[in-house]
Amino acid sequence: MNDQENLSRALQIKLSLGVIALSLPHLGYLPISLAVGMVLLWIWRMGVSLERLPAPGRWLLLLVTLGSCIYVVGHYGGVLGRDAGVALLTLMLALKLLEMRTIRDGYLTILLSFFLSISHFLFSQEIPVVLYVFAVTAYLLILLKALEFPDPESGTAGGLGLIVKIVLQGLPLVAVLFILFPRLSGPLWNLDLDGSSAVSGLDDEMSPGRISRLSQSDEVAFRVEFRSEVPATEELYWRGPVLWHTDGRTWRAEPPGARPSNGGETGKVIAEGEPVIYNLTLEPHRRTWIFALDMPIQWDDRYQATAEGNLVARSKLRDRQRYTATSVLRYRTAGLSGRDWEWGTQLPDGLSPRVKDLAQRWRSEAVSDIAVAEQALAYFRQQPFVYTLQPPPLGADPVDEFLFDTRQGFCEHYSSAFTTLMRAAGIPARVVTGYQGGERNPLARYFIVRQAQAHAWAEVWLEDRGWVRFDPTAAVAPERVRLSVDSAAVGERGEVRFRVKGDWLRQAMDQLGYGWDAVSASWNEWVLAYGPDSQRALLRRLGLDRLDWAGLGILLLVGLGVALGLAWLLSGRRATKEAYPENRIFQRFREKLAKVGVRSKPHEGPNAFQRRIAVARPDLSKSVEPIVCLYVQLHYGRPINDEETRRHLRALRVLVNRFKPKTSL
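The following block contains the structure:
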C-alpha cells in the first residue's frame, strides 16, 4: 500500500480512538487547563473524521503547536523531568492526530503511541495499569497490521490472531531475558527525576487530624510474612518516627539519621522474650524511615538504627523495599542521656495551669513513676472520653481543651495529652508513631497493614525498665488494638467502626479483596521487585548460583538460542510475505497443482510458472490464466482502494476454490 495514499475515514476514527484511550489515564496527572485543551483537540479530531468540523490549516496548526510548547515550558519550567516530558508527548500526539491524513501519518501516530504507552509505567506498574496498556497497545498493533497488510476479508479477528501469534513468539525470548539478564540495583521506573511523586503515609510531624485522615485510607502500607510464631494482634506495634518536640499542638521528630546508633544490632535493647523473625515488604512513601515490629534488634544492613530504636534508610524510599528483621516484644532499654532527659521533659510554652495541677496531683499521690502513668490511663477510662474520627476543633491550648472540655479525639489526641501529662509530672516521655495491628490474608501467608491502621502511642522512661510503651487510646477504645479500623465504615458523627465479620455479601467482597491482594503481592515480589537479590535467590534454587558472569553470559546466550528456536517453531515456518491475503490464496492454488504433479520452483515467479504450465499441461491453461493475472494485479499492481481490493480478493478466492485440476493421463 502506498504510504502517501489517504487514510480511510474508518481508519482515521479507529486510530483516533486508540490514541485517546491511551492518553486518557494521563489526564489525571496534567494541569486542568492542559487536560481541557487536550480534550478539545480530541473533539476537533473526531469532528474532522466525521466531516462535522473543518481540518486545521497548516499555519493554524503551527500556531497551536508553538503555543502548546510555550505553555508546557512555562508551566513546568522546561521539558526535562517525568511530568513535563509526558505532558509534552501527550500533547504532541494529540496535535499529530489533527494533521493525520495519509497512511504515513497513521504509521507515525501508532509508533509515537508506543512511546506513550511506556510512559504509563513511570507513574504506576500495578496490574490494572499493565492490563489496560497491554489491551490498548494490542488494539494499536491490530491497526498497524491493517495498515501494513490490508485484508478486508479477515477483519479484526484476523488482526487479533496475528498479534496473539507475534506475542506467543516473543514470550520465550522475554522470559529468558527477564530471568537471566543482569538486573539493576536501583528502580527502573521510579527514578522520579523531578521529585514530583506524591508523599503517602505517616509524616515526621503529628498534629490533631493528621492520623485520623490516614485512618480513612484503605491503601496498603506494608505486608508482613512471619517466619516464627505470629504474635497476638494487640502486640503488633510497628515502630516508626519518634517525636520529641512540641509547641502544644504539633509534635516533631529529630531530622532522620541525626542520632544514628552503631552497627546492625543495638546495644541499648535487652531482650526478655523470644525473638520474632519476619519478612516485611514496604510500599514506597518517599520518606527515610523503615517500619519494624517494636522493638527491632536485628535488621538489614542497608538500614541503620537511631538512638530512639527506629530504623532509617540512607535515602528517601522511592521504590518498594523488602527486608528481613528480628524484633522482641518484651525488652528493657538501658541508658538515658542528659539531652534525652531534657527533651523528654520539655513542656510547651503557656501550658495551662489545669494540666499542670492534674499532673502534679497524681505525682504527689503516687509512690512511683509507673503509678503516675497508671493514674493517667485510669483518668481516660473513667472520664467520658470518646474515640472519634471527627473531633471538634481545638483552640489555642489543645491539650487543656481536649482533657477538660471536648474529650473527643483520635489516637493523636490521646498520645499527645498523655505524653504532656507525664512531662508535667516530671517524667520523661515521648510520642511514637507507626501502625498498630494487621489483618491476616486467609488466602496467603502474610498480614496486610493499611494506612487505616496508622497509630500513635506514648513511651515513658521508668528507672528500672527504660522506655516503656503506654497506649492511652487502648484505655478508651480497647477494641482498637484487637480489631482493624474499617476505613469504609465511619459513623454519622465520626465514630470509629472496626472490621468484623459481616453478612455473606461483605464476606464475599472481603474474600475477593484478599484474593486480589494476594495476586498483587505476587506481582510485586516476582515482577516489580525482581532485582539482583531476587535473581540470585532464583538462580540458587535452580542450582546455578555458582556461575560467574562469564558462565551466566553463556547461559544467557544458550537461553536466547532456545527462545529464538521456539519462536521460529511457533511461526509455522512461513515467510513474512505470506501475511498478505493474496499470498495465502495463491499458495492453495500451488498446492492443488502440486497434487497433480505440477510444482513451482523456488525462484519462479507467477508469470513464468503460468508459461510452464501452458507447455506442460495445456488443458489447464484456460483456468490458470485468470488466477495468475488476478494475483499479479493484486500483489504487484498499482495501489487500489479498499473496496476494489475486497472485490478482487473475493474473485481470486472463488477462482481458486473452483480450480480442481485432474491428473494427466
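In terms of my numbering, the sequence shown is residues 177 to 841. Glycine included, every Cβ here is placed at the ideal spot set by N, Cα and C.
- When secondary structure is reduced to three states using DSSP, Q566 falls in the coil class, being assigned neither helix nor strand.
- Look at the segment 396–436 and you find these whole runs of beta strand (DSSP E), each 3 residues long or longer: 396–402, 413–422, 427–429.
- Around the beta carbon of F765, 16 or more other beta carbons lie within 10 angstroms, which makes this residue buried.
- Considering only L828, A483, L810, D693, the residue with the shortest C-alpha distance to W643 is A483.
- With fewer than 16 other Cβ atoms inside 10 Å of its own Cβ, K838 counts as exposed.
- Separation of G781 and L349 (C-alpha to C-alpha, rounded to the nearest whole angstrom) is 35 Å.
- Membership of L638 in the beta strand (DSSP E) is indicated by the continuous run 630–638.
- Within the segment 467–524, the runs of beta strand (DSSP E) at least 3 residues long that lie entirely inside it are, in chain order, 472–474, 497–504, 507–509.
- With a minimum length of 3 residues, there is no unbroken run of beta strand (DSSP E) contained wholly in the segment 778–819.
- Only residues of its own chain outside the window of five on either side were considered, and among them V195, L198, L316 have a CB closer than 6 Å to the CB of S289, listed in chain order.
- The closest CA to that of L523, considering only D379, W427, Y756, is found on W427.
- Around the Cβ of H631, a 10 Å sphere holds 16 or more other Cβ atoms; the residue is buried.
- A549: not part of any beta strand (DSSP E); member of the alpha helix (DSSP H) spanning 545–558, first to last residue.
- S383 and R425 have their C-alpha atoms roughly 6 Å apart.
- Segment contact: the segment 449–460 against the segment 493–506, three or more CB-CB distances shorter than 8 Å; contact assigned.
- Sorting K777, V406, S710, E655 by C-alpha distance to the C-alpha of R621 places V406 at the top.
- Collapsing the DSSP output to three states places F646 in a strand.
- Only residues of its own chain outside the window of five on either side were considered, and among them Y590, F594, P648, A651, V652 have a CB closer than 8 Å to the CB of F556, listed in chain order.
- The straight-line gap separating the alpha-carbon atoms of I189 and K836 is approximately 43 Å.
- CA-to-CA, the gap between I246 and W420 works out to about 48 Å.
- If you draw a straight line from the Cα of R626 to the Cα of A263, it comes to about 32 Å.
- One thing to note: W414 has its Cβ within 8 Å of the Cβ of A468.
- DSSP, reduced to helix, strand and coil, places F290 within a helical segment of the structure shown.
- The alpha carbon of D795 has as its nearest neighbour, out of V772, G813, L274, the alpha carbon of V772.
- Apart from sequence neighbours up to five positions away, the residues of its chain that approach A231 with a beta-carbon distance below 7 Å are V224, ordered along the chain.
- Annotated as proximal: A600 and V531, with beta-carbon spacing under 8 Å.
- Annotation: the continuous alpha helix (DSSP H) that includes R764 extends over 757–771.
- Here F297 carries a helix assignment [DSSP, helix/strand/coil].
- Per DSSP, F310 is one residue of the alpha helix (DSSP H) stretching across 303–324.
- In this chain, the beta strand (DSSP E) harbouring F623 covers 623–626.
- For P451, the enclosing beta strand (DSSP E) starts and ends at 451–458.
- In the structure shown, Y611 adopts extended strand secondary structure according to DSSP, grouped into three states.
- The alpha-carbon of V636 is positioned some 21 Å away from that of F578.
- Sequence-distant Cβ neighbours of I624 in its own chain, meaning closer than 7 Å and more than five residues away, are V396, R399, G614, E615, N617, D693.
- Looking from the CA of L292, the closest CA among S388, Y308, T266 belongs to T266.
- DSSP, reduced to helix, strand and coil, places V255 outside both helices and strands of the structure shown, so it counts as coil.
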